[in-house]
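Read the structure below first, then the notes.
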Amino acid sequence: MSGARLVVGPFNRVEGDLEVTLDLADGHVAAARVNSTLYRGFERMLEGRDPRDALTITPRICGICSISQSAAAARALGSAMGLQPTPDGAAMAALIHAVENVADHLTHFHLFFMPDFARPDYAGRAWHTRAIARFTALEGSAMRGAITARAELLHVMGLLAGKWPHTLAIQPGGVTRAPGLREKLRLQATLRAFRRWLEDSLFGGSLEEFSAMPDSHALMRWGRGEVGLFLEIAADLGLASLGKGAGRYMSFGAYPIETGPIFARGLWDGSPGPLQTAAITEDLSHAWMLGPTTHPAQGRTEPDEDMRDTAYSWCKAPRLGGQPVEVGAIARQVVDGHPLARSLAQEGGVLARVAGRLLEIARTQEVMERLVAGITPGARFMAQGVMPRDGTGEGLVEAARGALGHWLRIESGKIAGYQIIAPTTWNFSPRDAAGVPGPLETALVGVPAEDGATLAVQHVVRSFDPCMVCTVH
Amino acid sequence: MTTMLWLQTSGCGGCTMSLLCAENPGLPDLLADAGIRLLWHPALSVETGAEARSLLERIERGETHLDILCVEGAIARGPKGTGRYQMLSGTGRSLMDWVASLAPLATHVVAVGSCAAFGGVTAAGGNPSDAVGLQYDGTHPGGLLPAGWRAKGGLPVINVAGCPTHPGWVTETLMMLAAGEVLPLDGYQRPRFYADHLVHHGCPKNEFYEYKASARELSQMGCMMENLGCIGTQAVGDCNTRPWNGEGSCTKGGYPCINCTAPEFEDPRHAFTETPKIAGIPVGLPTDMPKAWFMALASLSKAATPDRLGRNAVADHIVVPPTLRKPK
Numbered sequence: 025m026s027g028a029r030l031v032v033g034p035f036n037r038v039e040g041d042l043e044v045t046l047d048l049a050d051g052h053v054a055a056a057r058v059n060s061t062l063y064r065g066f067e068r069m070l071e072g073r074d075p076r077d078a079l080t081i082t083p084r085i086c087g088i089c090s091i092s093q094s095a096a097a098a099r100a101l102g103s104a105m106g107l108q109p110t111p112d113g114a115a116m117a118a119l120i121h122a123v124e125n126v127a128d129h130l131t132h133f134h135l136f137f138m139p140d141f142a143r144p145d146y147a148g149r150a151w152h153t154r155a156i157a158r159f160t161a162l163e164g165s166a167m168r169g170a171i172t173a174r175a176e177l178l179h180v181m182g183l184l185a186g187k188w189p190h191t192l193a194i195q196p197g198g199v200t201r202a203p204g205l206r207e208k209l210r211l212q213a214t215l216r217a218f219r220r221w222l223e224d225s226l227f228g229g230s231l232e233e234f235s236a237m238p239d240s241h242a243l244m245r246w247g248r249g250e251v252g253l254f255l256e257i258a259a260d261l262g263l264a265s266l267g268k269g270a271g272r273y274m275s276f277g278a279y280p281i282e283t284g285p286i287f288a289r290g291l292w293d294g295s296p297g298p299l300q301t302a303a304i305t306e307d308l309s310h311a312w313m314l315g316p317t318t319h320p321a322q323g324r325t326e327p328d329e330d331m332r333d334t335a336y337s338w339c340k341a342p343r344l345g346g347q348p349v350e351v352g353a354i355a356r357q358v359v360d361g362h363p364l365a366r367s368l369a370q371e372g373g374v375l376a377r378v379a380g381r382l383l384e385i386a387r388t389q390e391v392m393e394r395l396v397a398g399i400t401p402g403a404r405f406m407a408q409g410v411m412p413r414d415g416t417g418e419g420l421v422e423a424a425r426g427a428l429g430h431w432l433r434i435e436s437g438k439i440a441g442y443q444i445i446a447p448t449t450w451n452f453s454p455r456d457a458a459g460v461p462g463p464l465e466t467a468l469v470g471v472p473a474e475d476g477a478t479l480a481v482q483h484v485v486r487s488f489d490p491c492m493v494c495t496v497h
Numbered sequence: 013m014t015t016m017l018w019l020q021t022s023g024c025g026g027c028t029m030s031l032l033c034a035e036n037p038g039l040p041d042l043l044a045d046a047g048i049r050l051l052w053h054p055a056l057s058v059e060t061g062a063e064a065r066s067l068l069e070r071i072e073r074g075e076t077h078l079d080i081l082c083v084e085g086a087i088a089r090g091p092k093g094t095g096r097y098q099m100l101s102g103t104g105r106s107l108m109d110w111v112a113s114l115a116p117l118a119t120h121v122v123a124v125g126s127c128a129a130f131g132g133v134t135a136a137g138g139n140p141s142d143a144v145g146l147q148y149d150g151t152h153p154g155g156l157l158p159a160g161w162r163a164k165g166g167l168p169v170i171n172v173a174g175c176p177t178h179p180g181w182v183t184e185t186l187m188m189l190a191a192g193e194v195l196p197l198d199g200y201q202r203p204r205f206y207a208d209h210l211v212h213h214g215c216p217k218n219e220f221y222e223y224k225a226s227a228r229e230l231s232q233m234g235c236m237m238e239n240l241g242c243i244g245t246q247a248v249g250d251c252n253t254r255p256w257n258g259e260g261s262c263t264k265g266g267y268p269c270i271n272c273t274a275p276e277f278e279d280p281r282h283a284f285t286e287t288p289k290i291a292g293i294p295v296g297l298p299t300d301m302p303k304a305w306f307m308a309l310a311s312l313s314k315a316a317t318p319d320r321l322g323r324n325a326v327a328d329h330i331v332v333p334p335t336l337r338k339p340k
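These protein sequences, in sequence, are chains A and B. Read in my numbering, the first sequence has 470 at position 446, and its numbers run on one by one without any break. Read in my numbering, the second sequence has 256 at position 244, and its numbers run on one by one without any break.
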């Protein structure tokens with residue numbers, strides 16, 4: 025089927041609303057347009073409010089990245105206040121944030137990504153009966169086990185953050201709940217149980233052994249646990265070269281503690297480079313938004329109520345130095361310099377994105393254990409500060425899905441401007457004024473879609489783990 | 013077998029994320045054991061694109077029986093009344109249109125979360141997307157569906173309000189409906205099994221409350237009613253007697269209850285974490301408390317605050333333990 029157009033939607037097992045329009049030629053995707061179909065207007069809701077209200081409102085942008093939004097808002101307010109969290113408060117905020125990111129990676133792998141391999145389309149493949157038993161939606165044994173393990177891991181939230189999602193525990197000066205010795209030991213018990221599940225079920229082996237692998241050749245020989253099943257499928261279906269990105273990765277640096285971010289900040293474009301966030305702009309040429317291209321500190325959110333024909337998404341198009349960048353776990357691990365991640369990035373397709381997340385689960389378990397071991401009962405977990413009547417702030421964090429930024433302007437004690445660029449705003453950006461497509465739109469070009477079959481397209485889209493409610497917000 | 017369809021309208025998806033925290037048993041087993049068959053859920057089901065469209069069309073044509081319709085999120089009516097701020101992708105139709113079409117076909121309609129119930133945070137701050145709840149616009153009866161509307165089963169929209177909802181509130185509502193039990197609702201159509209309780213019940217700060225030993229800053233242990241915006245004495249919910257995520261709740265986490273089960277909680281007209289005061293006196297009374305008595309008791313109990321409570325109230329951990337008494 026040559027020259028056909030295919031609209032894929034509702035596109036489920038992604039967080040939120042997504043529509044993908046594909047131009048097909050000779051059984052492959054010739055061009056893709058990504059439409060974020062939900063606009064709520066959070067940036068407008070914040071205008072005129074007390075700046076502290078951002079800590080209540082912005083987490084509710086997203087039920088899956090809620091802590092990430094909290095952390096970015098707390099950092100943005102802190103930067104306006106000239107306030108740093110206490111070292112122990114920063115460590116607890118990092119722990120809470122790491123737990124959410126790991127829980128999100130689990131949700132993605134077991135609930136969103138793997139069920140596609142249990143589809144009848146793959147009947148006859150050597151691994152298919154195992155995929156059915158373990159990953160059939162809402163029934164598979166691995167999926168059900170992961171839901172239980174995730175719920176138990178999130179007991180960390182009950183203890184430190186009151187509840188999940190939507191907590192007010194993370195504040196500019198630290199956290200509202202000071203853990204004592206009892207809490208420390210309870211957290212250790214929860215994390216030990218979680219490690220046991222990871223090593224017994226998901227990885228089928230030691231996390232340290234997994235994260236010590238030097239390259240993708242070693243990875244493909246892992247052969248154990250649910251990870252082994254995924255790698256077997258990936259090798260059979262050629263997922264390494266499916267949906268390749270442009271290889272330009274950005275990370276704002278994850279989990280800032282006293283000594284700096286635990287996973288490094290930076291840019292990777294085949295080699296490491298410095299990250300100049302002043303070079304970030306948002307282009308509105310193909311978004312149903314009105315206004316010029318600007319840095320988010322000067323940005324506005326003015327929806328085009330007429331939804332002009334030359335635009336096709338509510339999502340703005342963020343660019344770094346005029347170029348799109350890919351963000352997420354693989355970007356974070358590449359920027360941090362992990363050899364396995366850098367090896368995977370040489371192809372940068374579906375395998376790299378999913379394996380990047382698995383690598384990060386293994387590495388983050390060690391991070392969480394270290395943060396809990398460092399809890400000192402009686403330490404100061406929160407510093408107090410004063411909100412200025414006028415000021416600006418920037419909060420840059422790493423959500424599960426990648427770089428998240430909040431830019432805030434305070435005038436006469438109220439929020440005068442608030443702009444947010446979420447990870448999927450970067451990854452699922454529409455075209456810019458120069459016609460340059462966003463990272464997903466680029467990754468979809470050339471993907472097989474014979475006779476309108478969209479399974480390969482779905483693998484590519486879900487490999488990014490999009491969060492559409494964050495994207496437009 | 014009870015059939016259930018779940019749609020995510022204009023919201024954050026957090027009530028589904030919270031629902032996945034259901035324990036003993038986990039969500040898939042709980043639904044299966046209650047005899048609930050999930051026809052489709054945007055985050056959990058396998059069907060995408062054309063498969064999902066044909067499934068929705070079969071329900072709309074009445075070919076697939078629908079017992080329970082769950083809607084998570086507010087209904088976006090903008091821009092200009094078109095509903096195009098949220099299109100159901102691939103269908104060329106708004107979610108507003110889909111929900112209006114499917115609601116009359118279901119035996120029961122459940123609004124999951126405060127957005128679906130009342131508009132919630134999606135309708136905050138001037139309501140940029142002109143969002144409403146299924147059967148309420150904030151505190152006003154009538155939303156997407158009119159005030160007198162009833163589902164085929166005879167009930168109005170069941171408002172499982174909360175931001176997010178507790179997984180137990182949702183699963184127990186669904187189990188009651190699937191079992192054919194009577195589900196009593198309160199004045200805002202919330203299930204009474206959790207809405208007849210106050211967040212204050214079982215709050216770990218109760219003793220501080222009794223003596224008006226107040227926290228001045230977040231992270232301090234004292235009662236948060238006087239200074240930090242806590243309205244747990246007015247908010248419905250069994251949050252402190254039914255723990256969240258193991259052993260949590262907002263007040264156990266050291267931050268105030270913001271009354272997220274109530275309509276219009278999103279716009280309190282003051283900062284969420286600061287109690288509004290008139291001439292130094294906090295505004296707002298505990299539910300069912302006569303004002304004069306509250307003022308009298310508060311000033312009396314404040315004068316009687318034990319030293320232990322006064323000091324612990326402004327610390328972030330217990331600095332003065334209770335005095336030991338010998339048994340008689």
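The beta carbon of each residue, even a glycine, is placed where N, CA and C say it ideally should be.
*Closer than 8 angstroms to chain B by CB, Phe405 (chain A)*: Answer yes: the Cβ-Cβ gap between Phe405 (chain A) and chain B drops below 8 angstroms somewhere.
*Just the Cα atoms here: how many angstroms apart are Thr172 (chain A) and His134 (chain A)?*
Their Cα atoms are separated by approximately 12 angstroms.
*Simplified DSSP assignment, three categories, for Lys438 (chain A)*: The three-state secondary structure of Lys438 (chain A), taken from DSSP, is strand.
*Per DSSP, which one or two residues make a beta bridge with Thr318 (chain A)?*
BP columns for Thr318 (chain A) point to A:Glu306.
*Can you check whether the CB of Ser231 (chain B) is closer than 8 angstroms to the CB of Cys127 (chain B)?*
Not a contact, by the Cβ cut-off of 8 angstroms.
*Neighbouring residues, chain A, relative to Leu50 (chain B) (Cβ below 8 angstroms)*: Scanning chain A for C-beta atoms nearer than 8 angstroms to the C-beta of Leu50 (chain B) yields Leu162, reported in chain order.
_Going by DSSP, what residue range makes up the beta strand (DSSP E) through Cys82 (chain B)?_
Its beta strand (DSSP E) spans residues 80 to 84.
*Do the CB positions of Leu432 (chain A) and Gly409 (chain A) come within less than 8 angstroms of each other?*
No, they are not a contact pair.
*Going along chain A in order, which residues have a C-beta closer than 8 angstroms to the C-beta of Tyr267 (chain B)?*
Gly186, Thr191, Leu192, Ala193, Thr200, listed in chain order.
_Could you give the first and the last residue of the continuous beta strand (DSSP E) run that contains Arg73 (chain A)?_
Counting along the chain, Arg73 (chain A) falls outside any beta strand (DSSP E), and DSSP gives it neither H nor E.
*Hey, which unbroken runs of the alpha helix (DSSP H) at 4 residues or more fall wholly within the region 427 to 490 of chain A?*
You should have 447 to 451, 463 to 468, 479 to 487.
*asked:* Using only the alpha-carbon positions, how far apart do Leu428 (chain A) and Thr103 (chain B) sit?
replied: Those two C-alpha atoms are separated by around 31 angstroms.
*Exposed or buried, what is Leu46 (chain A) when buried is set at 16 or more other beta-carbons lying within 10 Å of its beta-carbon?*
Burial call: buried.
*Mind listing the chain B neighbours of Met181 (chain A)? Cutoff is C-beta to C-beta under 7 angstroms, in chain order.*
When 7 angstroms is used as the limit between beta carbons, Met181 (chain A) is near these residues of chain B: Asn257, Gly260, in chain order.
*So with Cβ pairs under 8 angstroms, would you call Glu329 (chain A) a contact of chain B?*
Yes, because at least one Cβ of chain B sits closer than 8 angstroms to the Cβ of Glu329 (chain A).
*Which listed residue (A:Phe66, A:Val58, A:Asp239) has its alpha carbon closest to that of Ala369 (chain A)*: With distances taken between Cα atoms, Ala369 (chain A) lies closest to A:Asp239.
*State buried or exposed for Gly174 (chain B), treating a residue as buried only when at least 16 other CB atoms are found within 10 Å of its CB.*
Burial of Gly174 (chain B) is indicated by the presence of at least 16 other C-beta atoms within 10 angstroms of its C-beta.
*For chain B, is any of its Cβ atoms less than 8 angstroms away from the one on Arg68 (chain A)?*
A Cβ of chain B is located within less than 8 angstroms of the beta carbon of Arg68 (chain A).
*So with Cβ pairs under 8 angstroms, would you call Arg323 (chain B) a contact of chain A?*
With 8 angstroms as the cut-off, Arg323 (chain B) does not count as an interface residue toward chain A.
*Between the region 120 to 150 of chain A and chain B, which residues of the former have a C-beta closer than 8 angstroms to a C-beta of the latter?*
Those residues of the region 120 to 150 of chain A placed with their C-beta closer than 8 angstroms to a C-beta in chain B are Thr131, Leu135, Phe136, Pro139, Asp140, Ala142, Arg143, ordered along the chain.
*According to the neighbour-count rule (16 or more other Cβ atoms, all chains shown, within 10 Å of its Cβ), is Phe277 (chain B) buried or exposed?*
Buried, by the Cβ-count rule.
*For Gly402 (chain A), decide whether its Cβ has a neighbour in chain B, counting only Cβ atoms nearer than 8 angstroms.*
Yes - at least one Cβ of chain B is within 8 angstroms of the one on Gly402 (chain A).
*Local Cβ density within 10 Å of Leu30 (chain A), reported as buried at 16 or more and exposed below that*: Burial call: buried.
*asked:* Whole angstroms are fine: how far does the CA of Ala143 (chain B) sit from the CA of Met25 (chain A)?
replied: The pLDDT assigned to Met25 (chain A) is 44, lower than 50, so where the model puts this residue is not dependable; a value taken from the coordinates is nonetheless given after this. Answer to the nearest angstrom: the Cα atoms are 41 angstroms apart.
*Please confirm whether Thr245 (chain B) and Pro298 (chain B) have their CB atoms less than 8 angstroms apart.*
With contacts defined as CB atoms closer than 8 angstroms, Thr245 (chain B) and Pro298 (chain B) qualify as a contacting pair.
*Which one of A:Val484, A:Leu222, A:Thr80 has the shortest CA to CA distance from Leu263 (chain A)?*
It is A:Val484 whose Cα lies nearest to the Cα of Leu263 (chain A).
*Give the residues from the region 350 to 379 of chain A that approach chain B closer than 7 angstroms (Cβ to any Cβ), ordered along the chain.*
Cβ contacts with chain B come from no residue of the region 350 to 379 of chain A.
*With a threshold of 16 other CB atoms inside 10 Å of the CB of His121 (chain A), please say whether the residue is buried or exposed.*
Taking all protein chains shown into account, His121 (chain A) has 16 or more neighbouring C-beta atoms within 10 Å of its C-beta and is therefore buried.
*Mind checking which residues open and close the alpha helix (DSSP H) that includes Ala325 (chain B)?*
First-last of the alpha helix (DSSP H) with Ala325 (chain B): 319 to 325.
*In three-state terms, what does DSSP make of Asp208 (chain B)?*
In the structure shown, Asp208 (chain B) sits in coil (DSSP, three-state: anything other than H, G, I, E or B).
*Exposed or buried, what is Trp338 (chain A) when buried is set at 16 or more other beta-carbons lying within 10 Å of its beta-carbon?*
Taking a 10 Å sphere around the C-beta of Trp338 (chain A), we find 16 or more other C-beta atoms and assign the residue as buried.
_Give me the DSSP bridge partner(s) of Thr14 (chain B)._
The beta-bridge partner set that DSSP reports for Thr14 (chain B) consists of B:Ile48.
*Have a look at B:Val83, B:Lys314, B:Met16, B:Gly132 and flag the residue whose alpha-carbon is nearest the alpha-carbon of Pro275 (chain B).*
Looking from the CA of Pro275 (chain B), the closest CA among B:Val83, B:Lys314, B:Met16, B:Gly132 belongs to B:Gly132.
_Taking beta-carbon pairs under 9 angstroms, can you tell me which members of the region 34 to 55 of chain A lie near chain B?_
Under the 9 angstroms Cβ criterion, the region 34 to 55 of chain A contributes Pro34, Phe35, Asn36, Arg37, Val38, Glu39, Gly40, Asp41, Leu42, Glu43, Val44.
_Contact set between Gly65 (chain A) and chain B, taken where Cβ atoms lie within less than 7 angstroms_ = Ordered by position in chain B, the residues that pass the 7 angstroms Cβ test against Gly65 (chain A) are Pro140, Ser141.
_If we define contact as Cβ-Cβ less than 8 angstroms, is Ala498 (chain A) a contact residue for chain B?_
Because chain A in this structure spans residues 25 to 497, residue 498 (chain A) falls outside the shown range and cannot be described.
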